[in-house]
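Protein chains: 2
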Amino acid sequence: MKKVTINDIARIAGVSKATVSMVFNKKDENISQETREKIFKVAKELNYIPNSVARSLATSKSYSIGIILPDITNPFFSEIARAIEDEANILGYNVILCNTDNKIKKEEEYIKLLISKLVDGIIFIAGGASKKSLKLIKDNSVPFVLVDRYIEDYEDNYGVFCKNYEGVVEGVEYLLGKGKKKILFVKGPTELEISKQRFEGYKTTMSKYGLYIDDYVFESDFTLEGGKRATEEILNKLNDFDAIFYSNDVMAFGGIKVLTRNGYKIPDDVSVVGFDNIQISEFIEPELTTISQPIYEMGKDACNLLVKVINEDENIEKVHYYTPKLIIRGTA
Amino acid sequence: MKKVTINDIARIAGVSKATVSMVFNKKDENISQETREKIFKVAKELNYIPNSVARSLATSKSYSIGIILPDITNPFFSEIARAIEDEANILGYNVILCNTDNKIKKEEEYIKLLISKLVDGIIFIAGGASKKSLKLIKDNSVPFVLVDRYIEDYEDNYGVFCKNYEGVVEGVEYLLGKGKKKILFVKGPTELEISKQRFEGYKTTMSKYGLYIDDYVFESDFTLEGGKRATEEILNKLNDFDAIFYSNDVMAFGGIKVLTRNGYKIPDDVSVVGFDNIQISEFIEPELTTISQPIYEMGKDACNLLVKVINEDENIEKVHYYTPKLIIRGTA
DNA sequence: CTGAAAGCGCTTACAG
DNA sequence: CTGAAAGCGCTTACAG
Chain A
1 MKKVTINDIA
11 RIAGVSKATV
21 SMVFNKKDEN
31 ISQETREKIF
41 KVAKELNYIP
51 NSVARSLATS
61 KSYSIGIILP
71 DITNPFFSEI
81 ARAIEDEANI
91 LGYNVILCNT
101 DNKIKKEEEY
111 IKLLISKLVD
121 GIIFIAGGAS
131 KKSLKLIKDN
141 SVPFVLVDRY
151 IEDYEDNYGV
161 FCKNYEGVVE
171 GVEYLLGKGK
181 KKILFVKGPT
191 ELEISKQRFE
201 GYKTTMSKYG
211 LYIDDYVFES
221 DFTLEGGKRA
231 TEEILNKLND
241 FDAIFYSNDV
251 MAFGGIKVLT
261 RNGYKIPDDV
271 SVVGFDNIQI
281 SEFIEPELTT
291 ISQPIYEMGK
301 DACNLLVKVI
311 NEDENIEKVH
321 YYTPKLIIRG
331 TA
Chain B
1 MKKVTINDIA
11 RIAGVSKATV
21 SMVFNKKDEN
31 ISQETREKIF
41 KVAKELNYIP
51 NSVARSLATS
61 KSYSIGIILP
71 DITNPFFSEI
81 ARAIEDEANI
91 LGYNVILCNT
101 DNKIKKEEEY
111 IKLLISKLVD
121 GIIFIAGGAS
131 KKSLKLIKDN
141 SVPFVLVDRY
151 IEDYEDNYGV
161 FCKNYEGVVE
171 GVEYLLGKGK
181 KKILFVKGPT
191 ELEISKQRFE
201 GYKTTMSKYG
211 LYIDDYVFES
221 DFTLEGGKRA
231 TEEILNKLND
241 FDAIFYSNDV
251 MAFGGIKVLT
261 RNGYKIPDDV
271 SVVGFDNIQI
281 SEFIEPELTT
291 ISQPIYEMGK
301 DACNLLVKVI
311 NEDENIEKVH
321 YYTPKLIIRG
331 TA
């Protein structure tokens, strides 16, 4: 079964393929209603589906965007991806999914791939410094927007971020307000800017009240295992604390497991606060008290911004900051 | 900045573009080592990235596959998608992500889109009967494989499924073995084959021991809310039961919340069993006892199968069945 | 060992 | 109001 093309339609409708093309592309002010209808009728009869690859080659627009993220299995990223895909779909774009596991090498390969696919733009959640990846994107002048993860020296690029510092400040203040003094903090991986920002929020606030101690700070990965590991370390080293602030929700889940298993009652014995407000923070009981990022909104906004960059819109705000807010639930 | 093309390389290397193309495509048995090296050198200097859109148009192979699923935010699907993307990447394919929210309309639109993008194949997790969607795929002779969700009358197509019936039987037998008799069952949406299969596993096993009662059966969506709703209904109608078997893990989480809030201790007062074994079934404490589907393996297999279909491999097993198995953890 | 030419299915000035 | 022609960047017989 041969694919039906614009040529078939032109032949059967008795017009040229230029005319057919124009009708499909709504550049048909000059085409008679009669011709137009005939073309649509024939297209319908033949179940014509345009070949957008050919179209892309001719126009060098693919109406595809790439989304590069560490791991779609991580709820934070799947929620962002969902938002991006929804918005992309509305705007007439489709989405190529790339998981990098924070591997710089994989990032670079995917970027080359996306460029060769002629994507119109890239939404990039970087796994690290990612210098070379960014250079590749820039050298090929592909529009891109950074989401969630800041990149040093790229502050002036298009990006959608969260005010990490402020979020943690709010959380720590809340705990302090509840009379907690011995508040531990579990940092994320040092190489990520967001880890530093969240930690700074903690450090500054605790210091302000003269409560900051280096021994209260632990570090781990943004994973369930990471949260468990850090919490075991905590239990080995300390036995007197009020609260633990984890740098993201998934870590907090791991922490809660270890605490519960060791007989701690949450929030009675120890308060727990996370960061992100992923959907599953409501899955557990008690539900997780956390600093909420407007994840869906951020993803949606990132996609919108990217499309604006693609269309070379004038006067667009380059960097968008979202303010997270404390969601008080059961764990603190 | 103009994109560098095969023509530029040919010109600079002093050969024809046919030669350049052949070198890049490893159809270069007849090309002198010298020419080959010159071409690679020039390509490197110019940072040449091939235009795969042009390539696709010429070869009518895109090395893209589409993956259609209800919602990437659902952990079961994000894990499947991750497996598919990993495997696709290994095999040289990339993945276009499509969320349908189980809307038949969205499915159809995405399928048209994917066809117009000339995808080489589609992995399809259907949202319902999806007759028209499937017809569209078949009419355009796009290779496809069904995953997870059976489709009536499409049993003879390529597919990767789980033995839902057997899985539930194992779970129910386990509960019975533990001395539970009043085992409730929460079905998934009736329109899905998998809901029926899971329910049949329950009904048959309970009936075998003369324990089946219609009143023990409830129905809801495969969501957290669905699990909560069904469990509230249960608590309104019954006050004497041993165990609840939920048709998937996410429902079970919702159920556990409602049970806990109403003072039930799990597993002491009531045992809970789920189905899927998504990663987050280990996030809660106690961890969820569940029927484990080999999700990653199934996704990987689906992708492999699809690529085999694309390559028109001989003698491939059309339908792959995986046997789930009981994972005993804290809730039962 | 390599090149000229046609073709993939579209779009887009240009001409009439 | 519509068509002929060139072009997008590749691949692939075919010829020599």
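Those protein sequence lines, which keep their order, are chains A and B.
At position 61 of the first sequence the residue is numbered 61 (full-length UniProt numbering), and the sequence of numbers has no breaks.
At position 297 of the second sequence the residue is numbered 297 (full-length UniProt numbering), and the sequence of numbers has no breaks.
Where a beta carbon is used, it is the ideal one built from N, C-alpha and C, also for glycine.
I'd like to know whether the C-beta atoms of residue i and residue j end up nearer to each other than 8 Å.
i	j	result
Val-172(A)	Thr-205(A)	yes
Glu-79(A)	Tyr-296(A)	yes
residue 334(B)	Phe-283(A)	No information on residue 334(B) is available, as it lies outside the stretch 1 to 332 that chain B covers here.
Ser-220(B)	Met-251(B)	yes
Val-145(A)	Ala-243(A)	no
Gly-254(A)	Gly-227(A)	yes
Tyr-93(A)	Tyr-63(A)	yes
residue 356(B)	Ile-327(B)	An answer regarding residue 356(B) cannot be provided, because it is not within the stretch 1 to 332 covered by chain B.
Leu-91(B)	Val-307(B)	yes
Can you give me the start and stop residues for the alpha helix (DSSP H) that residue i sits inside?
i	result
Ser-133(A)	131–139
Lys-38(B)	33–45
Leu-113(B)	104–116
Ile-328(A)	It is not in any alpha helix (DSSP H) - Ile-328(A) carries neither H nor E in the DSSP assignment.
When DSSP labels each residue in this structure, what does residue i get in the three-state scheme?
i	result
Glu-225(A)	helix
Asn-94(B)	strand
Lys-187(B)	strand
Asn-99(B)	strand
Tyr-296(A)	helix
Tyr-264(B)	coil
Tyr-216(B)	helix
Ile-122(B)	strand
Gly-274(A)	strand
Thr-323(A)	coil
Ser-62(A)	coil
Val-250(A)	helix
Ala-243(A)	strand
Thr-73(B)	coil
Taking buried to mean at least 16 other C-beta atoms within 10 Å of its own C-beta, is residue i buried or exposed?
i	result
Thr-59(A)	exposed
Ala-83(B)	buried
Leu-46(B)	exposed
Asn-102(B)	buried
Gly-210(B)	exposed
Asn-99(A)	buried
Ile-123(B)	buried
Glu-314(B)	exposed
Ile-183(A)	buried
Gln-33(A)	exposed
Tyr-321(A)	exposed
Asp-268(A)	exposed
Leu-69(A)	buried
Asp-249(B)	buried
Ser-195(B)	buried
Does any residue of chain B bring its CB to less than 8 Å from the CB of residue i?
i	result
Thr-260(A)	yes
Phe-144(A)	no
residue 337(A)	Given a span of 1 to 332 for chain A in the structure shown, any question on residue 337(A) remains unanswerable.
Arg-82(A)	yes
Thr-73(A)	yes
Phe-283(A)	yes
Asn-99(A)	yes
Asn-102(A)	no
Ser-247(A)	no
Taking 8 Å as the CB-CB limit, is residue i close to chain A?
i	result
Ser-16(B)	no
Thr-231(B)	no
Thr-117(B)	A quick correction: the sequence has Lys, not Thr, at residue 117(B). Closer than 8 Å: yes.
Val-53(B)	yes
Asp-139(B)	yes
Asp-269(B)	no
Glu-297(B)	no
Gln-293(B)	no
Asn-50(B)	Contrary to the premise, residue 50(B) reads as Pro rather than Asn in this sequence. Yes, Pro-50(B) lies at the interface with chain A (some Cβ there is under 8 Å from its Cβ).
From what residue to what residue does the beta strand (DSSP E) around residue i run?
i	result
Lys-3(B)	Taken as a continuous stretch (DSSP letters only), Lys-3(B) belongs to no beta strand (DSSP E), as it is neither H nor E.
Gly-177(B)	Note, Gly-177(B): premise wrong, no beta strand (DSSP E); alpha helix (DSSP H) at 164–177.
Ser-281(B)	From DSSP, Ser-281(B) is part of no beta strand (DSSP E); its letter is neither H nor E.
Val-145(A)	144–147
Does at least one heavy atom of the ligand MG sit under 7 Å from the Cβ of residue i?
i	result
Lys-138(A)	Annotation note on the ligand MG: not contained in the displayed structure, which lists no ligands.
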